[in-house]
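Student: Numbering (my numbering), first residue to last: 1364 to 1666.
C-beta atoms are modelled at their ideal positions from N, C-alpha and C, and glycine is treated no differently.
What you are looking at is a predicted structure, and each value in this text was computed from that prediction instead of being measured.
The structure under discussion is supplied below as structure tokens; questions concerning it will follow.
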Ligand SMILES: [Zn+2]
């Protein structure tokens, strides 16, 4: 069933687990995530970046998510990193049930003003809003910032008070993409604890893919050139959830699984050019990866 971001995260906050937010770009990825959600009996957030909307279009993405929502698990259709007001407005109108407005690149006052405006528009339609304060590192499509600016708890408190966002993305050391750490970077769980205590609301972790070594190995074995990717180790995700993260974003792991499976099939069956045969293993591998993430977040069995 289609629910709002606020509804799905309220329960997660009360019961101390996190809901997986997975990026969808096409039917197979959406199906893989939903197969995982149904098999794990887990609530799920299907999120679309501005890039995904450009690629697939509002109508196709909405149709996919609304079809997915016929399953018996709670589903949110969420805009990921909305920066363009026109896109935000269109999603609110078109049937998205969660909106992230990302004004983290703007001066504080401007971020507050824009986010508050989005909250007003969205809340009028019963839609929930995620804001961002601090800067998550790395590159996510058009959103690029190399430097991580850790979230300041005082600033976060003021931001929430002034904007009335339903949930907040915080920067505690993660980055977008497949190259999160050079060396021994770790999540600042102490900072997370302080922010959670101060805000007492659902919190969001971006840039949280695990980049599993076995997946990288498979992709590289069949020709991918990935350099030295590094993700957030599973035990740190578990701790982040324990200390108050209620929504964990995952995109890179899905991309890696898609890439690894397609490369393997094409390498092993060069004579087979049926798109269904090529994409089926990708759908299965993504499901496996998403199921693992759901168990890690503690959301299995929570639907
Ligand atoms: Zn993000």
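1) Please confirm whether any heavy atom of ligand 1 lies closer than 7 angstroms to the CB of residue 1539.
2) Looking only at C-alpha atoms, which of 1399, 1593 and 1426 sits nearest to residue 1389?
3) Residue 1430: which of 1453, 1393, 1421 and 1447 sits nearest, CA to CA?
4) Say yes only if the C-beta of residue 1474 is nearer than 7 angstroms to one or more non-hydrogen atoms of ligand 1, and no if none qualify.
5) In this structure, what does DSSP give as the bridge partners for residue 1407?
6) Hey, out of 1533, 1518 and 1397, whose CA is closest to residue 1318's CA?
7) Please report how far the alpha carbon of residue 1441 lies from the alpha carbon of residue 1396, in whole angstroms.
8) On a CA-only basis, which of 1663, 1630 and 1622 is nearest residue 1645? Give me that one, please.
9) Do residue 1604 and residue 1660 count as a contact pair if the criterion is CB distance below 8 angstroms?
10) Determine the extent of the beta strand (DSSP E) in which residue 1612 is found, giving its start and end residues.
11) What's the gap between the Cα of residue 1484 and the Cα of residue 1435?
12) Compute the distance between the beta-carbons of residue 1471 and residue 1494, then report whether it is under 8 angstroms.
13) Among the candidates 1626, 1599 and 1555, whose CA atom is the shortest distance from the CA of residue 1585?
14) Using DSSP with H/G/I as helix, E/B as strand and the rest coil, what is residue 1443?
15) I need the DSSP call for residue 1568, collapsed to helix, strand or coil.
16) On a Cα-Cα basis, can you pick out the residue from 1549, 1446 and 1452 that is closest to residue 1473?
17) On the premise that residue 1657 lies in contact with residue 1405, defined as a C-beta separation below 8 angstroms, what is that separation, rounded to the nearest angstrom?
18) Alpha carbon to alpha carbon, how far is residue 1558 from residue 1577? Give it in angstroms, no decimals.
19) With DSSP run on the structure shown, which of helix, strand or coil describes residue 1464?
20) CB-CB under 6 angstroms to residue 1408, same chain, minus the five flanking residues each way: which ones, in chain order?
21) Is it right to say residue 1377 is buried, meaning 16 or more other beta carbons lie within 10 angstroms of its own, or is it exposed?
22) So, under 8 angstroms CB-CB, residue 1620 and residue 1589 are touching, yes? Tell me the CB distance rounded to an integer number of Å.
23) Thinking C-beta only, is residue 1524 closer than 8 angstroms to residue 1372?
Tutor: Concretely, from the data shown:
1) In the chain shown, counting from the first residue as 1, residue 1539 sits at position 176. It does: the Cβ of residue 1539 is within 7 angstroms (strictly closer) of some heavy atom of ligand 1.
2) The residue you call residue 1389 lines up with position 26 of the chain shown. Of the listed residues, the one whose Cα sits closest to residue 1389 is 1426.
3) The count along the chain shown starts at 1 and reaches residue 1430 at position 67. Checking every option, the nearest Cα to that of residue 1430 belongs to 1393.
4) Start at 1 with the first residue of the chain shown, and residue 1474 comes out as number 111. Incorrect: residue 1474 has no Cβ contact closer than 7 angstroms to ligand 1.
5) In the chain shown, residue 1407 corresponds to position 44, counting from 1. DSSP lists 1383 and 1438 as partners of residue 1407.
6) It is not possible to answer for residue 1318, since the shown part of the chain is limited to 1364 through 1666.
7) To locate residue 1441, count along the chain shown from 1; it is residue 78. To locate residue 1396, count along the chain shown from 1; it is residue 33. Cα to Cα, the separation comes out at about 14 angstroms.
8) Your numbering for residue 1645 matches position 282 in the chain shown. Nearest of 1663, 1630 and 1622 to residue 1645, Cα basis: 1622.
9) Counting from 1 along the chain shown, the entry for residue 1660 is found at position 297. Counting from 1 along the chain shown, the entry for residue 1604 is found at position 241. Cβ atoms of residue 1660 and residue 1604: closer than 8 angstroms.
10) Indexing the chain shown from 1 puts residue 1612 at position 249. It spans 1608–1613 - the beta strand (DSSP E) in which residue 1612 sits, taken as one unbroken run.
11) By 1-based counting over the chain shown, the position of residue 1484 is 121. By 1-based counting over the chain shown, the position of residue 1435 is 72. Taking the straight line from one Cα to the other gives about 29 angstroms.
12) In the chain shown, the residue the question calls residue 1471 occupies position 108. In the chain shown, the residue the question calls residue 1494 occupies position 131. Taking 8 angstroms as the Cβ cut-off, residue 1471 and residue 1494 do not qualify as a contacting pair.
13) The residue labelled residue 1585 in the question sits at position 222 within the chain shown. Answer by Cα proximity: 1626.
14) Position 80 of the chain shown holds residue 1443. It is a strand residue.
15) Here the question's residue 1568 lines up with position 205 in the chain shown. In this structure, residue 1568 counts as strand in the three-state DSSP scheme.
16) Along the chain shown, one-based indexing puts residue 1473 at 110. Among 1549, 1446 and 1452, the Cα nearest to that of residue 1473 belongs to 1446.
17) On the chain shown, position 42 is the one that residue 1405 refers to. On the chain shown, position 294 is the one that residue 1657 refers to. Confirmed, about 4 angstroms.
18) For this step, residue 1577 is matched to residue 214 along the chain shown. For this step, residue 1558 is matched to residue 195 along the chain shown. So the alpha carbons of these two residues sit roughly 34 angstroms apart.
19) Here residue 1464 corresponds to residue number 101 of the chain shown, with the count starting at 1. Of the three classes helix, strand and coil, the one that applies to residue 1464 here is strand, per DSSP.
20) If you number the chain shown from 1, residue 1408 lands on position 45. So the qualifying residues of the chain are 1382, 1384, 1439 and 1441.
21) One-based indexing of the chain shown puts residue 1377 at position 14. Exposed, since its Cβ has fewer than 16 Cβ neighbours within 10 Å.
22) Within the chain shown, the letter at position 257 stands for residue 1620. Within the chain shown, the letter at position 226 stands for residue 1589. No, residue 1620 and residue 1589 are not in contact; Cβ-Cβ is about 13 angstroms, not under 8 angstroms.
23) Against the chain shown, residue 1372 aligns to sequence position 9. Against the chain shown, residue 1524 aligns to sequence position 161. No, Cβ-Cβ distance for residue 1372 and residue 1524 is not below 8 angstroms.
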